[in-house]
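Asks: Below: one structure in structure tokens.
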Amino acid sequence: MCLICQRIELIKAGENPYFVKELETGYVVIGDHQYFKGYTLFLAKEHVTELHHMETSVKLRFLEEMSLVQEAVAKTFKAEKMNIELLG
34 MCLICQRIEL IKAGENPYFV KELETGYVVI GDHQYFKGYT LFLAKEHVTE LHHMETSVKL
94 RFLEEMSLVQ EAVAKTFKAE KMNIELLG
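The numbering of the sequence shown is the working numbering, which starts it at 34 and goes up by one.
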């Protein structure tokens, strides 16, 4: 099981202290290490190695939700600039 899947299992078991919110396509988690204040991850519920492996409707919803998470983090932490990464 990959690291992200392990973290999702901890969320489902109620054992991830960094869990913030469940959305339709993923889980919002504050990063374990806050080198940059507000470092946040949006973990996809669907395990795929590439974004283009998701069904189009799921992919579009995931990207929309990722944008909403980014907006919330920017407002909450008063970010001057944010970088968004998609890692597979």
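Backbone N, C-alpha and C define an ideal beta-carbon position, used for all residues, glycine too.
This one's a predicted model, so the numbers in the text were calculated from it and none came from an experiment.
Quick check: Ile37 and Leu101, are their CB atoms within less than 8 Å of each other?
Replies: No, the Cβ-Cβ distance between Ile37 and Leu101 is not below 8 Å.
Asks: For the alpha helix (DSSP H) holding Phe69, just list the boundary residues, first then last.
Replies: That residue, Phe69, is in no alpha helix (DSSP H); it is neither H nor E in DSSP.
Asks: Under a Cβ-count criterion, where at least 16 other Cβ atoms within 10 Å of its own Cβ denotes burial, should Gly121 be classed as buried or exposed?
Replies: The residue in question, Gly121, is exposed, as its Cβ has fewer than 16 Cβ neighbours within 10 Å.
Asks: Three-state secondary structure (DSSP) at Lys54?
Replies: Correct three-state label for Lys54: strand.
Asks: Is Val62 closer than 8 Å to Leu74 when the C-beta atoms are compared?
Replies: A contact, by the Cβ cut-off of 8 Å.
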